[in-house]
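Student: Dumping the structure here so I can ask a few things about it.
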Amino acid sequence: MPGTDPSDGFVPDAAAVPPIATAGGRLGPAQRAEALRRLATETFDVLVIGGGVTGAGTALDAAARGLSVALVEARDLAAGTSSRSSKLIHGGLRYLEQLNGALVREALRERTLLLETLAPHLVRPVPFLLPLTHHGWERAYIGSGVLLYDTLGQGLARISPAPGTQHSGGLPLHRHLTRKAALREFPALRPDALVGAIQYWDGQVDDARHTMFVARTAARYGAAVVTSAPVVGLLREEDRVTGAVVRDLESPGGAEIRVRARQTIGATGVWTDDLHALLGGARGPVSVRASKGVHLVVPRDRLQGTTGLILRTERSVLFVIPWGTHWIIGTTDTDWELDLAHPAATRADIDYLLDQLNRVLRSPLTRDDIVGVYAGLRPLLAGESEDTAQLSREHAVLAAAPGLTTVAGGKYTTYRVMAEDAVDAAAAGLTRVVPPSCTDKTPLLGADGYQALWNARERLAERAGLHVARIEHLLRRYGTLTEELVDLVVADPSLGAALPGAEAYLAVEALYAVTHEGALRLEDVLTRRTRISFEAADRGLAAAGPVAALVAPVLGWDETRTRAEIDLYEARVAAERASQETPDDATADVARRAAPDARRLPSVRATARPQPTPPVPAEVDLDETVPITGVTVASAATSAAATAAASLRAARRAVVSSISRVSSNGGTGPSHPDGAAPGTMTDLAS
Ligand SMILES: Cc1cc2nc3c(=O)[nH]c(=O)nc-3n(C[C@H](O)[C@H](O)[C@H](O)COP(=O)(O)OP(=O)(O)OC[C@H]3O[C@@H](n4cnc5c(N)ncnc54)[C@H](O)[C@@H]3O)c2cc1C
1 MPGTDPSDGF
11 VPDAAAVPPI
21 ATAGGRLGPA
31 QRAEALRRLA
41 TETFDVLVIG
51 GGVTGAGTAL
61 DAAARGLSVA
71 LVEARDLAAG
81 TSSRSSKLIH
91 GGLRYLEQLN
101 GALVREALRE
111 RTLLLETLAP
121 HLVRPVPFLL
131 PLTHHGWERA
141 YIGSGVLLYD
151 TLGQGLARIS
161 PAPGTQHSGG
171 LPLHRHLTRK
181 AALREFPALR
191 PDALVGAIQY
201 WDGQVDDARH
211 TMFVARTAAR
221 YGAAVVTSAP
231 VVGLLREEDR
241 VTGAVVRDLE
251 SPGGAEIRVR
261 ARQTIGATGV
271 WTDDLHALLG
281 GARGPVSVRA
291 SKGVHLVVPR
301 DRLQGTTGLI
311 LRTERSVLFV
321 IPWGTHWIIG
331 TTDTDWELDL
341 AHPAATRADI
351 DYLLDQLNRV
361 LRSPLTRDDI
371 VGVYAGLRPL
381 LAGESEDTAQ
391 LSREHAVLAA
401 APGLTTVAGG
411 KYTTYRVMAE
421 DAVDAAAAGL
431 TRVVPPSCTD
441 KTPLLGADGY
451 QALWNARERL
461 AERAGLHVAR
471 IEHLLRRYGT
481 LTEELVDLVV
491 ADPSLGAALP
501 GAEAYLAVEA
511 LYAVTHEGAL
521 RLEDVLTRRT
531 RISFEAADRG
541 LAAAGPVAAL
551 VAPVLGWDET
561 RTRAEIDLYE
571 ARVAAERASQ
581 ETPDDATADV
591 ARRAAPDARR
601 LPSVRATARP
611 QPTPPVPAEV
621 DLDETVPITG
631 VTVASAATSA
641 AATAAASLRA
651 ARRAVVSSIS
661 RVSSNGGTGP
671 SHPDGAAPGT
681 MTDLAS
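Quick note: the sequence shown uses full-length UniProt numbering, first residue 1, plus one each step.
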């Protein structure tokens, strides 16, 4: 159990004391070189493997407790599932229907924290319309669920909003609508598709940018953050894991570095089984399976509506989510056992989504309306059910081996809780007393002072010589760090120009992505630091050249390398488009693999397959994994017990702490700094 007094028994190890702040959390080529030097020379308290939201959150949690931390990511920050979600910060209304109130309440607490304290610059309110199709009972049934949802969002102590407020955990409260009123909100709906509706509010985030901000904040508190750095082996002393072998994919020969750590935490999402395979045993103590979810992106003017939409489908629900000048429509839910790095959408996936939505539209959408498509893989804990839609969204923290803790499962919204539990478990294996998590009080970079800077946006626009709408766009993506971009524009006004081929973005954003946000490849800038790859109708082809020219000097690319980066990106777009014409996963996977991958993961499962001829059976037999059903216990004690287990065999007996912690937060606080009032679409832009 971590100590509560930071000074209690804390004995600093002089050789391992990291710098407390690394250039304000800047991630650029110089910081990467310095972080690589640290990987080779320091012994870290905690090495985190995987730079998705869980790994970045874990690195931040550990660094904010004063531990020395390294975070290594095989590809790019959020390159896995964490850039491909539905981008909702939510409790999950449908989990209430599954009577999982504790999970919903925990997620709603995180929603409030993110909206109000941790990331008000990145997370914003989004309204959803729930159309009703039956008179009478349905309104009562769904209405009571939404009422409970809002009530939980406020904290259980407050059954109704405080006098004078209409907010629930920072969000407006739900409201009941007649059919006429619902059609005013969403005129694109067919009048006979509903008899009325309920509107409620949730949170929305640009997931890739948020994950990058979490990693930058970890770096701000001293973590050595290195991307393009897959773990290709684990260091062992007898049966104890003492660190990892990391390959630097940006060095000419792929140099390998032995990183020493007192505790290693794996946060590799759908690659969890691959990480466990590095232990050399047949399989890890629990398995993570992948379920593919596909989203379509269409221009905003193709659907007339001022609110998001939720439709019930046979297996799950379909979201239609406002996304700036676009809509995001998703998602599907099917098993995926092919390339984990590049899950491919098929024509069948796309047709399914269009069919589901067209059932309720006056004027159907066609494939020609689609400007972007992306697919992600849900990391689901295996063993509970064969039906992926029913698998638990809870997370597990487990002792994979002495010195190695694994955290997996969960959902984006609850990353901070997962991180806290993982660090609690690892901390139990450290000899020093470790303070408790403080990430609930640690705003991400860009959050502090956001409201004040938002209020000063007109003066900022004047200083930058930009339209105030451009500054609002920057504030919603960079928070108070917007000032750093404005400084760059003041120094070089050409950086204030719109990016050719992606006019919603400014040239300075592409540059800043490589100087401050850790982007190392053209793809990182077009796909995750910006979302040009799915927002631009040409999927970013026109922007690729100008962006490559902007970042080349910073990344040291000559003409040949610059051309090669553009070629790689063009090949990727062509492969994705080809896969989206295929009838099934196997052929889509072949089409997607036709594009070369400069950062292919040295994954046990990926390399075990002949490439590119699918389908190939996975090396890990998911059907034989240890079921984890029913192991729900108090977090700290279980995590500590699991971590203290003397051997992998013992750890497997102790199995898993499938953690479902219940916590409440009654604070409603001020409304969103953007002043995101109900129904104002500009407030929903990401
Ligand atoms: C379609 C879809 C929609 C979703 N929508 C929502 C939503 O709206 N709201 C919500 O709360 N949740 C949502 N989720 C769930 C959420 O996105 C995931 O739970 C979350 O992103 C998982 O993050 P992660 O960090 O655990 O995994 P990942 O983001 O996949 O990160 C794992 C990282 O580990 C790296 N890695 C793997 N092997 C190695 C290695 N050997 N060395 C170094 N690095 C390695 C990978 O490159 C990857 O970046 C959705 C998921 C999907 C698929």
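Using N, Cα and C, we set each Cβ at its ideal position, and we do this for glycine too. Keep in mind that this is a model prediction, so the values were computed, not measured.
When DSSP labels each residue in this structure, what does Thr352 get in the three-state scheme?
Tutor: Mapped onto the sequence shown, residue 352 falls at position 352. Thr is not the amino acid found at residue 352; the sequence shown has Tyr there. Tyr352: helix per DSSP, three-state reduction.
Student: Flag Thr406 as yes when its Cβ comes closer than 7 Å to any non-hydrogen atom of ligand 1, and as no otherwise.
Tutor: One-based indexing of the sequence shown puts residue 406 at position 406. Outside the cutoff, so no.
Student: Where does the unbroken alpha helix (DSSP H) through Tyr450 begin, and where does it stop?
Tutor: The sequence position of residue 450 within the sequence shown is 450, counting from 1. 450-455 is the extent of the alpha helix (DSSP H) around Tyr450.
Student: Under the DSSP definition of a beta bridge, which residues are partnered with Leu321?
Tutor: Your numbering for residue 321 matches position 321 in the sequence shown. The sequence given here places Ile at residue 321; Leu does not occur at that position. The partner list for Ile321 (beta bridge, DSSP) reads Ile328.
Student: Is there at least one non-hydrogen atom of ligand 2 closer than 7 Å to the beta-carbon of Tyr412?
Tutor: What this structure holds is ligand 1, not ligand 2.
Student: When we look at the beta-carbon of Glu394 and count the other beta-carbons within 10 Å, is it buried (16 or more) or exposed?
Tutor: Along the sequence shown, read from residue 1 onward, the residue named residue 394 stands at position 394. Classification of Glu394: buried, given that the 10 Å Cβ count is 16 or more.
Student: Where Leu353 and Thr332 are concerned, what is the direct C-alpha to C-alpha distance, given to the nearest angstrom?
Tutor: The count along the sequence shown starts at 1 and reaches residue 353 at position 353. The count along the sequence shown starts at 1 and reaches residue 332 at position 332. Looking at the two C-alpha atoms, the distance is approximately 7 Å.
Student: Return the CA-CA distance between Gln31 and Tyr149, expressed in angstroms with no decimal places.
Tutor: Against the sequence shown, residue 31 aligns to sequence position 31. Against the sequence shown, residue 149 aligns to sequence position 149. Cα to Cα, Gln31 sits roughly 43 Å from Tyr149.
Student: Apart from the five residues on each side of it in sequence, which residues of its chain come closer than 8 Å, Cβ to Cβ, to Val53?
Tutor: If you number the sequence shown from 1, residue 53 lands on position 53. The answer, listed in chain order, is Ala78, Ser82, Asp207, His210, Thr211, Val214, Tyr412, Tyr415.
Student: By Cβ distance below 8 Å, which residues in the same chain neighbour Ala461 in space, the five residues on each side in sequence not counted?
Tutor: Within the sequence shown, the letter at position 461 stands for residue 461. Around Ala461: His467, Val468, Arg470, Ile471.
Student: Considering only the beta carbon of each residue, do Ala218 and Ala345 sit closer than 8 Å?
Tutor: Residue mapping note: residue 218 aligns to position 218 of the sequence shown, counting from 1. Residue mapping note: residue 345 aligns to position 345 of the sequence shown, counting from 1. Against a cut-off of 8 Å, the Cβ pair of Ala345 and Ala218 comes out as no contact.
Student: What residues in its chain sit with their C-beta under 7 Å from that of Ala447, if we drop five residues either side in the sequence?
Tutor: For the purposes of this step, residue 447 is identified with residue 447 of the sequence shown, where counting begins at 1. Only Leu118, Ala119, Pro120, His121, Gly479 meet the Cβ criterion.
Student: Hey, how far is the Cα of Glu503 from the Cα of Gly403?
Tutor: If you number the sequence shown from 1, residue 503 lands on position 503. If you number the sequence shown from 1, residue 403 lands on position 403. Approximately 49 Å between the Cα atoms of the pair.
Student: Do you know offhand how far Arg592's Cα is from Asp585's?
Tutor: Taking the first residue of the sequence shown as 1, we reach residue 592 at position 592. Taking the first residue of the sequence shown as 1, we reach residue 585 at position 585. Those two C-alpha atoms are separated by around 10 Å.
Student: Identify the residues that DSSP records as bridge partners of Phe128: which are they?
Tutor: Mapped onto the sequence shown, residue 128 falls at position 128. The partner list for Phe128 (beta bridge, DSSP) reads Tyr200, Gly308.
Student: Count the CB pairs spanning the region 57-71 and the region 82-96 that are closer than 8 Å, and state whether there are at least three.
Tutor: With a cut-off of 8 Å, the region 82-96 and the region 57-71 do not count as touching, because too few Cβ pairs lie within range.
Student: Terminal residues of the continuous beta strand (DSSP E) containing Leu485?
Tutor: Here residue 485 corresponds to residue number 485 of the sequence shown, with the count starting at 1. Unbroken run through Leu485 is the alpha helix (DSSP H), 482-491; no beta strand (DSSP E).
Student: Excluding the 5 residues flanking Pro343 on each side, which residues of the same chain have their C-beta closer than 6 Å to its C-beta?
Tutor: Position 343 of the sequence shown holds residue 343. Taken in chain order, the residues that qualify are Lys292, Trp336, Ala375, Leu377.
Student: Buried or exposed for Leu99, please, with buried defined as at least 16 other CB atoms from any protein chain shown within 10 angstroms of its CB.
Tutor: Residue 99 sits at position 99 when you count from the first residue of the sequence shown. The residue is exposed, with fewer than 16 neighbouring Cβ atoms inside 10 Å.
Student: CB Leu511 to CB Leu488, shorter than 8 Å?
Tutor: As a first step, residue 511 must be located in the sequence shown, where it is residue number 511. As a first step, residue 488 must be located in the sequence shown, where it is residue number 488. Yes.
Student: Considering only their Cβ atoms, is the gap separating Val270 from Gly80 smaller than 8 Å?
Tutor: As a working note, residue 80 is residue 80 in the sequence shown. As a working note, residue 270 is residue 270 in the sequence shown. Yes, the pair counts as a contact, with Cβ atoms nearer than the cut-off.
Student: Quick one: using the 10 Å Cβ neighbour count with 16 as the cut-off for buried, is Gly24 buried or exposed?
Tutor: Within the sequence shown, numbered from 1, the residue matching residue 24 stands at position 24. By the 10 Å Cβ count, Gly24 comes out exposed.
Student: Mapping DSSP to helix, strand and coil, what is Thr388?
Tutor: One-based indexing of the sequence shown puts residue 388 at position 388. Residue placement at Thr388 is flagged as unreliable, the pLDDT there being 44, under the threshold of 50; the coordinate-derived value follows with that caveat. Correct three-state label for Thr388: helix.
Student: I think Gly145 touches Glu97, with their Cβ atoms under 8 Å apart; what is that distance to the nearest whole Å?
Tutor: As a first step, residue 145 must be located in the sequence shown, where it is residue number 145. As a first step, residue 97 must be located in the sequence shown, where it is residue number 97. Confirmed, about 7 Å.
Student: Any contact between the region 536-549 and the region 489-502? By contact I mean 3 or more CB pairs, one from each, below 8 Å.
Tutor: Enough Cβ pairs lie closer than 8 Å, so yes.
Student: Measuring CB to CB, does Val123 end up less than 8 Å from Leu129?
Tutor: Indexing the sequence shown from 1 puts residue 123 at position 123. Indexing the sequence shown from 1 puts residue 129 at position 129. No, the pair does not count as a contact, with Cβ atoms beyond the cut-off.
Student: To the nearest angstrom, report how far apart Val427 and Asp597 are at their CA atoms.
Tutor: Counting from 1 along the sequence shown, the entry for residue 427 is found at position 427. Counting from 1 along the sequence shown, the entry for residue 597 is found at position 597. Looking at the sequence provided, one finds Ala at residue 427 rather than Val. Ala427 and Asp597: Cα-Cα distance of roughly 37 Å.
Student: Tell me, please, whether the region 241-257 touches the region 223-231 by the rule of three or more beta-carbon pairs shorter than 8 Å.
Tutor: They touch, by the three-pair rule.
Student: Please look up how many angstroms separate the CB atoms of Gly465 and Pro493, rounded, as I've assumed it's under 8 Å.
Tutor: As a first step, residue 465 is located in the sequence shown; it is residue number 465 there, counting from the start. As a first step, residue 493 is located in the sequence shown; it is residue number 493 there, counting from the start. Confirmed, Cβ separation roughly 6 Å.
Student: Going by other Cβ atoms of all chains shown within 10 Å of its Cβ, with 16 needed for buried, is residue 716 buried or exposed?
Tutor: In the structure displayed, the chain extends from 1 to 686; residue 716 sits before or after that span and is not available.
Student: What separation, rounded to the nearest whole angstrom, lies between the Cα atoms of Leu568 and Tyr221?
Tutor: Locating residue 568 in the sequence shown gives position 568, counting from the first residue. Locating residue 221 in the sequence shown gives position 221, counting from the first residue. Cα to Cα, the separation comes out at about 35 Å.
Student: Going by beta-carbon coordinates alone, are Ala197 and Ala70 separated by less than 8 Å?
Tutor: Sequence index remark: in the sequence shown, residue 197 carries index 197 (1-based). Sequence index remark: in the sequence shown, residue 70 carries index 70 (1-based). Not in contact: Ala197 and Ala70 (Cβ atoms no closer than 8 Å).
Student: Enumerate in chain order the residues of its own chain whose CB-to-CB distance from Val298 is below 8 Å, with the five nearest sequence positions on each side excluded.
Tutor: Counted from its first residue, the sequence shown places residue 298 at position 298. Here the set comprises His326, Trp327, Ile329, Leu365, Asp369, Ile370, Val371.
Student: Whole angstroms are fine: how far does the CA of Leu340 sit from the CA of Arg289?
Tutor: The residue given as residue 289 occupies position 289 in the sequence shown. The residue given as residue 340 occupies position 340 in the sequence shown. Going by the C-alpha atoms only, they are around 10 Å apart.
Student: What's the C-alpha gap between Leu485 and Val72?
Tutor: Translated into the one-based positions of the sequence shown, residue 485 becomes position 485. Translated into the one-based positions of the sequence shown, residue 72 becomes position 72. Approximately 27 Å, taken between the alpha carbons.
Student: Hey, could you find the ends of the alpha helix (DSSP H) Tyr374 is sitting in?
Tutor: By 1-based counting over the sequence shown, the position of residue 374 is 374. Premise fails: Tyr374 lies in the beta strand (DSSP E), 372-381, not in any alpha helix (DSSP H).
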